[in-house]
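Below is one structure, written out as structure tokens; the observations come after it.
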Amino acid sequence: MTERDFRFISSDRFFEEYWGKKALYLPNAFPGFSSPISAEELAGLACEDSVESRIVLEKGTPAWQVKHGSFSEKIFSQLPESHWSLMVQAVNLWHPEVNELLEHFNFLPRHYLDDIMVSYAAIQGSVGPHFDYYDVFILQGSGSRLWQLGEFCTKDSPLLEDADMAILKQFKRREEYRLYPGDMLYIPMQQSHWCTAIEAGLSYSIGYRAPSLNEFINRWIEHCSQVLDESIRLPMDDLKNASPTYVPESFIDQLQRRLKKLAENRSLIASAFAEMTSEKKYPDEESTEGVCYSVKELKSLLAHSTCLRQREEARFVWYCIHNKVTAYCNGQQFDFDQGYERLVSLVFDHRRIDKRELIAHSDDPVALDFLTKLVNCGALYFE
Ligand SMILES: [Fe+2]
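Sequential numbering from 0 applies to the sequence shown in numbering that gives the first Met the number 0.
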């Protein structure tokens with residue numbers, strides 16, 4: 000087992016046997032687990048305008064009803080005893096202790112993390128049989144839930160017509176697990192599932208999602224257009240056509256060759272991917288602190304503080320092509336010459352960056368400038 004392995008199972012075995020293929024039940028994955036957030040705190044978050052939340056009620060017509068937040072406190076006293084759930088997205092961005100749970104998932108690429116959704120379900124609370132376009136780790140925080148897993152689904156799987164949300168018309172149970180606090184269940188993308196609360200309580204959904212190819216291509220085109228000026232035109236050979244409205248196949252071949260050449264540019268592919276995956280989940284949200292340190296001030300702060308911490312909402316991605324390091328933080332690009340892999344990896348890979356590790360870089364103006372920019376844009380802060 001290495002630092003990057005998962006609890007009870009090596010990351011190699013996890014990726015070979017389970018990731019994207021089949022569910023993995025890990026009873027007592029977090030022994031003695033105590034939910035870092037309470038149901039009351041979760042309800043409080045659902046009352047905030049900037050937080051994405053919803054309440055799902057299973058009753059009446061349509062069979063499943065969805066109410067979208069933010070909510071007023073009053074709604075929680077009006078809910079029935081049973082058959083409802085509250086879901087709050089991206090709780091890791093608002094709650095540092097929930098964010099800490101991600102330390103156990105360092106075996107997965109962080110740029111594919113969607114969020115940690117926390118749900119509270121009353122007895123018999125359920126969101127019905129459905130499937131998701133992300134891989135998810137379910138960690139039971141309190142109470143208990145019954146998870147039934149079914150077939151893998153596609154966009155063509157029939158859905159109920161009279162529901163506010165995508166509920167499967169048919170669900171065939173293949174496996175079943177009861178989760179108690181500390182138990183975990185991995186469910187691969189597109190495997191149908193149906194969860195019902197046996198005892199009221201909280202559950203954490205740590206979701207990973209790869210962007211669609213469509214999303215990536217759109218971003219790649221933006222990056223391509225930055226290197227293509229107006230003087231680069233489409234080919235004009237083969238003009239001797241029998242018909243003035245005919246496009247010869249040889250022209251299509253030439254155009255295809257041009258596009259292939261563009262696709263061979265690895266820097267454009269890497270920059271488009273890194274920019275896209277390093278953007279914040281909620282880009283309009285202001286950073287919590289606006290600071291403007293000089294490099295000199297930052298050096299002095301480094302000397303007097305214990306550590307630098309990554310802000311919960313900040314996202315970091317880096318790559319190395321032709322010995323040049325390129326780093327992206329919250330969609331912003333930083334370029335380095337060869338030899339800066341260690342610094343970038345140190346700052347980007349650790350949510351808590353030990354000052355002792357940074358000391359080695361404290362006389363390097365490039366490193367200080369990099370750290371100053373990250374602190375000033377709110378991605379890092381001193382503890
Ligand atoms: Fe789901």
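The C-beta atom is built at its ideal place from N, Cα and C for all residues, glycine as well.
- Cβ contact annotation for A42 (same chain, cutoff 6 angstroms, sequence separation greater than five): F75, in chain order.
- Residue burial is scored here from C-beta neighbours: H192 has at least 16 other C-beta atoms within 10 angstroms and is therefore classed as buried.
- Inclusion of D131 in the 6 angstroms shell around ligand 1 follows from its C-beta lying nearer than that to a non-hydrogen atom of the ligand.
- Counting only runs that start and end inside the segment 124-196, the beta strand (DSSP E) elements of at least 3 residues fall at 134-139, 143-151, 174-178, 183-186.
- Short of 8 angstroms from the beta carbon of M164, and not among the five residues preceding or following it, lie these beta carbons of its own chain, in chain order: V55, W63, V65, V126, G127, H129.
- Taken through DSSP and simplified to helix, strand or coil, A45 comes out as helix.
- Ranked by Cα distance from R351, the options E102, S81, L107 are led by E102.
- For T325, the beta-bridge partners assigned by DSSP are Y318, D334.
- In this structure the segment 104-115 lies against the segment 86-95, because at least three pairs of beta carbons, one per stretch, are closer than 8 angstroms.
- Annotation for Q309: F315, H349, R350, R351, I352, A378, L379 place their beta carbon closer than 8 angstroms to its own, counting only its chain and skipping 5 residues before and after.
- If you compare the alpha carbons of S49, Q190, A38, L148 with that of A199, the shortest gap goes to A38.
- Per DSSP, the beta-bridge partners of R53 are H67, M86.
- Residue pairing from DSSP places R351 in a beta bridge opposite R308.
- For the set I166, E356, N329, F7, the Cα lying nearest the Cα of E311 is the one of N329.
- Straight-line measurement puts the Cα of Y318 at about 7 angstroms from the Cα of A269.
- Exclusion of the five residues before and after V290 leaves V374, N375 as the residues of its chain whose Cβ lies within less than 7 angstroms of its Cβ.
- When DSSP states are grouped into helix, strand and coil, V117 belongs to the strand group.
- Taking 7 angstroms as the cut-off, the Cβ atoms of W83 and A121 count as close.
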